[in-house]
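Inspection log for the structure reproduced underneath, given as structure tokens.
Number of protein chains: 2
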Amino acid sequence: MRRDRRPITRPRRALLELIERSPKPLGPRELHRELRRAGVRIDRVSVYRNVAALLELGLLHRVLGSTAVRPCVERAQKCHHAIVCTACGSAREFHSVALEKALGDVRRSTRYRVLGHLLELRGLCESCR
Amino acid sequence: MRRDRRPITRPRRALLELIERSPKPLGPRELHRELRRAGVRIDRVSVYRNVAALLELGLLHRVLGSTAVRPCVERAQKCHHAIVCTACGSAREFHSVALEKALGDVRRSTRYRVLGHLLELRGLCESCR
DNA sequence: TCACTGGATGCAACAGTGTTGCATCTGTGT
DNA sequence: ACACAGATGCAACACTGTTGCATCCAGTGA
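Chain order of the listed sequences is A and B. This note's numbering puts the first residue of the first sequence at 1, with every later residue one more than the last. This note's numbering puts the first residue of the second sequence at 1, with every later residue one more than the last.
Written out as structure tokens, the structure reads:
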């Protein structure tokens with residue numbers, strides 16, 4: 001963020017570290033709760049503002065259909081689809097050529113002008129299954 | 001709903017008719033607003049409770065990533081994927097064998113036990129494009 | 001090292017969304 | 001027409017996210 005003339009404050013650093021460290025995507029309230037629990041003095045509002053800023057910078061992804069965010073692992077990749085464990089909340093990104101192709105077919109066959117899509121798998125990870 | 005010993009009250013009937021009649025999925029607040037506008041005396045809470053009940057009965061689908069609901073057109077079909085117009089909100093369901101197949105491949109290749117997925121296309125419909 | 005400064009922060013207040021408890025009403029079967 | 005289960009409306013509440021504003025602080029240049 002230094003590139004953007006944004007100072008790296010103590011709360012912001014703690015937030016970033018927490019998101020990076022967390023094995024599963026966390027939402028604003030969870031981020032806030034965890035930080036407070038860890039003794040970091042940070043306001044609810046700052047969590048929201050930082051998360052929004054990081055999303056805008058493309059450093060975070062939002063888990064579809066929820067407010068949880070996860071670090072953007074593969075920034076170069078155009079489509080970041082993820083599979084999320086419904087038990088523990090951990091997430092992993094995946095990429096499927098066949099899937100991209102099938103989506104492209106649908107895109108071409110519909111009379112809509114397709115601008116994007118939401119795709120996310122739900123299931124149980126290795127430890128939770 | 002008669003099968004479930006649920007009386008068909010005036011507000012409930014109006015809500016059902018509105019959902020059936022609407023060309024685009026509506027959320028609770030829109031449903032409430034439209035009904036009031038049409039002169040139906042119904043409370044916000046009743047809208048929420050009725051929508052919840054109808055979703056549970058499988059008579060409605062929720063638009064992914066939003067609170068809007070649409071009538072369940074093809075109840076027999078396992079996967080109801082929809083494409084939603086981001087301009088006017090209208091939605092249409094679609095089905096793609098290739099897509100199902102690709103999703104099946106991903107399902108098999110991951111180490112997660114996949115239980116379901118979220119998939120919805122976003123775009124512009126014929127009238128809005 | 002120190003003052004400066006723009007962005008970040010915390011706090012308070014607010015708005016929107018969805019939920020719960022409860023007294024009352026109403027549709028339905030008898 | 002009656003009785004009852006379920007639905008309704010209302011009030012109050014909880015949660016989530018936003019905005020305004022005074023203050024603070026990390027980073028910069030002297």
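Every residue gets a Cβ at the ideal spot worked out from N, C-alpha and C, and that includes glycine. All values derive from a computational prediction rather than experimental measurement.
Would you list the residues sitting across from residue i in a DSSP beta bridge?
i         : result
Ile-83/A  : Arg-92/A and Leu-121/A
Gly-116/B : Arg-122/A
Leu-26/A  : Val-69/A
Does residue i pass the burial test, meaning 16 or more other C-beta atoms within 10 Å, or should it be called exposed?
i         : result
Leu-57/A  : exposed
Val-97/B  : exposed
Ile-8/A   : exposed
Arg-12/B  : buried
Gly-116/B : exposed
Glu-120/B : buried
Pro-25/A  : buried
Val-51/A  : buried
Ala-76/B  : For Ala-76/B, the pLDDT reaches just 37, beneath the cut-off of 50, and the residue's location in the model is therefore unreliable, leaving the point undetermined.
Val-45/A  : exposed
Glu-74/B  : Confidence at Glu-74/B is low in this model, with a pLDDT of 47, below 50, so its placement is unreliable and the value that follows should be read with caution. With fewer than 16 other Cβ atoms within 10 Å, it is exposed.
Gly-39/A  : exposed
Any idea what DSSP makes of residue i, helix, strand or coil?
i         : result
Pro-71/B  : strand
Gly-58/B  : coil
Lys-64/A  : Just to set this straight, residue 64/A is Leu in the shown sequence, not Lys. It is coil, neither helix nor strand.
Ser-6/A   : Correcting the residue identity first, residue 6/A is Arg in this sequence and not Ser. Looking at Arg-6/A - three-state DSSP - the assignment turns out to be coil, as it is neither helix nor strand.
Asp-105/B : helix
Ile-42/B  : coil
Arg-129/B : coil
Arg-111/B : coil
Kindly give me the distance between the Cβ atoms of residue i and residue j, rounded to whole angstroms, as I take these residues to be in contact under 8 Å.
i         : j         : result
Val-84/A  : Ile-19/A  : At roughly 16 Å, the Cβ-Cβ gap does not stay under 8 Å, so Val-84/A and Ile-19/A are not in contact.
Cys-125/A : Cys-88/A  : 6 Å
Ala-82/A  : Ala-91/A  : 5 Å
Leu-35/A  : Leu-15/A  : 7 Å
Gly-65/B  : Gly-65/A  : 5 Å
Thr-110/A : Phe-94/B  : 6 Å
Tyr-48/A  : Pro-28/A  : 6 Å
Arg-62/B  : Leu-55/B  : 6 Å
Leu-118/A : Leu-118/B : 6 Å
Arg-113/A : Arg-129/B : 4 Å
For the segment 96-113 of chain B, enumerate the residues whose C-beta is nearer than 9 Å to any C-beta of chain A, in chain order. Ser-96, Val-97, Ala-98, Leu-99, Glu-100, Lys-101, Ala-102, Leu-103, Asp-105, Val-106, Arg-107, Ser-109, Thr-110, Arg-111, Tyr-112 and Arg-113
Give the residues from the segment 82-94 of chain A that approach chain B closer than 8 Å (Cβ to any Cβ), ordered along the chain. Ile-83, Cys-85, Thr-86, Arg-92 and Phe-94
Determine which residues of the segment 40-72 of chain A have a Cβ less than 8 Å from any Cβ of chain B, and write them out in chain order. Leu-64 and Gly-65
Identify each residue in the segment 14-39 of chain B for which the Cβ-Cβ distance to at least one residue of chain A is less than 9 Å, and report them in chain order. none
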